[in-house]
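Quick note on numbering: UniProt numbering labels position 38 of the sequence shown as 38, and the sequence is numbered without any gaps.
Quick reminder that beta carbons are idealized off the backbone N, C-alpha and C, glycines included.
Since the structure is predicted, the reported quantities are computational estimates derived from the model, not experimental observations.
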Amino acid sequence: MTSEEILGIICPGSPAPGINPCISALTTYAVKLKWKVIGFHDGFLHLSTGDIEKVQENMTILENKDVLNFNKNNGTILRTDRYDPSKFPQKVMNCVRMLTQLKIQYLIIIGGNDQINVANFISSGVDPADMKLIVIPKTVDNDIALPPNQTTLGFNSARSFAIPILRNLIFDAKSAPRWFIVETMGRRSGHLALSICQASGAKFAIIPEDFGRKRIDLSDICDVIEGAILKSLVLGENFGVCLLSEGLINQMSTLSIQQLTEDGTISYNSEGRIVLDNAEISRAVRVEIEKRFSLSNIEIKVANKKVGYEFRSCDPSCFDSVYAQELAYGAIEGFKNDHSNCIVTSQSGVISYLSFRSILDQDTGRVVARRVDVNSEVYKIARSYMQVITKEDLEDEEMVRKLAQVGNSTPEKIVEKYKKVISLLVQ
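Below you can see the structure in the form of structure tokens.
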């Protein structure tokens with residue numbers, strides 16, 4: 001053990017609101033304890049090379065003057081990168097060796113599920129007596145398996161920033177009647193889309209969890225939207241905003257995924273994941289919805305929009321600014337009290353620690369993303385205010401008659417089609 005205690009901070013993954021306030025709080029408290037603070041740029045990218053010169057070129061000593069007034073700043077003073085070394089044991093060991101060589105005794109990783117996986121592998125290769133490691137849960141997707149009702153750092157800010165954007169689209173849709181199909185971030189879950197829909201007053205949202213674990217096609221998503229538009233027409237409204245979670249792509253068939261790109265080519269990144277930037281569910285849905293209503297001789301206007309990058313480096317909300325400070329304090333206090341290999345959490349200012357082991361899948365040894373709980377009151381409340389065709393609508397003869405009338409169809413066909421649609425959705 002060296003006489004000088006050293007704290008290392010890594011910000012892998014994607015940006016999220018609240019990172020700078022978190023780095024500021026970590027640095028300020030650590031310096032107060034007379035610890036040296038080293039920030040690493042570009043996540044694990046340079047550490048995984050095992051090249052100490054490259055690592056040193058891409059790290060910075062953080063002092064109070066470097067983080068002054070950063071408690072409310074957006075973005076991150078430490079560059080991020082999504083590189084994931086967890087699938088390459090030698091790369092993980094390179095990270096361990098570099099951190100050990102730099103005499104890091106306390107390591108903070110500000111990240112999401114993928115980064116927790118890396119943290120778990122790193123912690124497996126080092127004695128906690130030599131280096132302790134704690135993760136601060138950060139992602140706008142809110143999909144880390146934290147205790148109930150606890151959100152991830154950045155989620156509250158992203159939601160708050162998105163609401164005015166959605167409300168502007170809602171007013172635009174009403175002013176120049178049209179339908180906006182808005183696709184938002186949420187790679188593995190629908191927390192963000194559902195919450196934005198509920199808070200903004202959008203007509204409805206469609207998220208992966210709506211279909212349980214079923215494999216779906218693009219046509220299934222369009223069926224839900226088509227029915228919702230018909231119901232709005234019955235109510236005299238030919239306008240509205242529909243939110244789609246990009247995570248729907250993970251439950252879609254290969255053929256449907258090919259429909260999401262203009263040339264039908266599916267792109268994968270180095271980790272074997274579909275590149276969501278090149279796959280636009282909102283565009284594909286717009287094309288299909290326009291085609292369906294044109295064939296039915298029903299006049300509607302549809303536009304698609306993809307949002308998400310705007311959320312990641314927006315100003316942190318008051319909640320996330322305070323939350324970042326609580327998590328930073330909790331992490332350093334955790335080190336002082338011999339906590340390691342865990343995630344720090346804070347509920348109403350009460351700090352607790354969640355071991356990596358407790359959220360790992362026992363079969364794969366990797367973190368399982370937290371999905372929206374469709375049995376929760378939160379989900380049921382949100383769904384109850386969405387303007388979509390329901391089982392009750394199909395049991396109402398007058399509603400069915402009106403749906404058939406505006407849809408240029410027959411009551412029998414409406415019931416037959418939307419019974420199938422409803423059967424796909426969780427009840």
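Within 10 angstroms of the Cβ of residue i, are there 16 or more other Cβ atoms? Answer buried if so, exposed if not.
i           : result
residue 74  : buried
residue 195 : buried
residue 326 : buried
residue 440 : No answer is possible for residue 440: the residues shown for the chain start at 1 and end at 427.
residue 277 : exposed
residue 164 : exposed
residue 129 : exposed
residue 159 : buried
residue 203 : buried
residue 210 : buried
residue 397 : exposed
residue 311 : buried
residue 379 : buried
residue 323 : buried
residue 297 : exposed
residue 313 : buried
Which of the three DSSP states is assigned to residue i in this structure?
i           : result
residue 441 : Only positions 1 to 427 of the chain appear in this structure, which leaves residue 441 out of reach.
residue 1   : At residue 1, the pLDDT of 44 sits below 50, so the modelled position is not reliable; the number obtained from the coordinates is stated separately. Reduced to three states, the DSSP call for residue 1 is coil.
residue 345 : strand
residue 214 : coil
residue 382 : helix
residue 303 : strand
residue 63  : coil
residue 26  : helix
residue 352 : strand
residue 242 : strand
residue 8   : strand
residue 45  : coil
residue 248 : helix
residue 31  : helix
residue 194 : helix
residue 448 : This structure cannot settle anything about residue 448, because the visible part of the chain is limited to 1 through 427.
residue 287 : helix
residue 360 : strand
Could you pull the start and end residues of the alpha helix (DSSP H) that residue i belongs to?
i           : result
residue 221 : 218-234
residue 330 : 318-336
residue 104 : First-last for residue 104: undefined, no H or E at that position.
residue 55  : 52-57
residue 256 : 254-258
residue 394 : 391-394
residue 312 : 309-312
Quick one: what's got a C-beta closer than 8 angstroms to residue i's C-beta in the same chain, skipping five residues either side?
i           : result
residue 64  : 27, 28 and 31
residue 177 : 238, 239 and 301
residue 216 : 248, 251, 252, 253, 256 and 424
residue 339 : 132, 134 and 353
residue 38  : 6, 7, 8, 9, 59, 60, 61, 62, 102 and 104
Report yes if the C-beta of residue i is less than 7 angstroms from at least one heavy atom of the ligand ZN; otherwise report no.
i          : result
residue 48 : The ligand ZN is not part of this structure, which contains no ligands at all.
Mind checking which residues open and close the beta strand (DSSP E) that includes residue i?
i           : result
residue 280 : Where residue 280 is concerned, there is no enclosing beta strand (DSSP E), given that its DSSP letter is neither H nor E.
residue 397 : No beta strand (DSSP E) contains residue 397, which is instead part of the alpha helix (DSSP H) from 397-406.
residue 413 : Run containing residue 413: none in the beta strand (DSSP E); it sits in the alpha helix (DSSP H), 411-424.
residue 183 : 179-184
residue 40  : 36-40
Between which residues of its own chain and residue i is the CB-CB distance below 6 angstroms, once the five residues before and five after are set aside?
i           : result
residue 364 : none
residue 126 : 96
residue 169 : 180 and 241
residue 382 : 194 and 198
residue 150 : 345 and 347
residue 106 : 7, 132 and 335
residue 212 : 426
residue 121 : 86 and 92
In chain order, what residues of the same chain lie with their CB nearer than 7 angstroms to the CB of residue i, ignoring the 5 residues before and after it?
i           : result
residue 319 : 156
residue 85  : 44, 48, 91, 92, 95 and 118
residue 220 : 424
residue 372 : 189, 190, 191, 194, 207, 209 and 379
Establish whether the CB of residue i and some CB of chain D are separated by less than 8 angstroms.
i           : result
residue 321 : Structure shown: chain D not included; a single protein chain is present.
| For the stretch 80-156, which segments carrying the alpha helix (DSSP H) assignment without a break, of at least 4 residues, lie completely within its bounds, in sequence order? | 89-101 and 113-124
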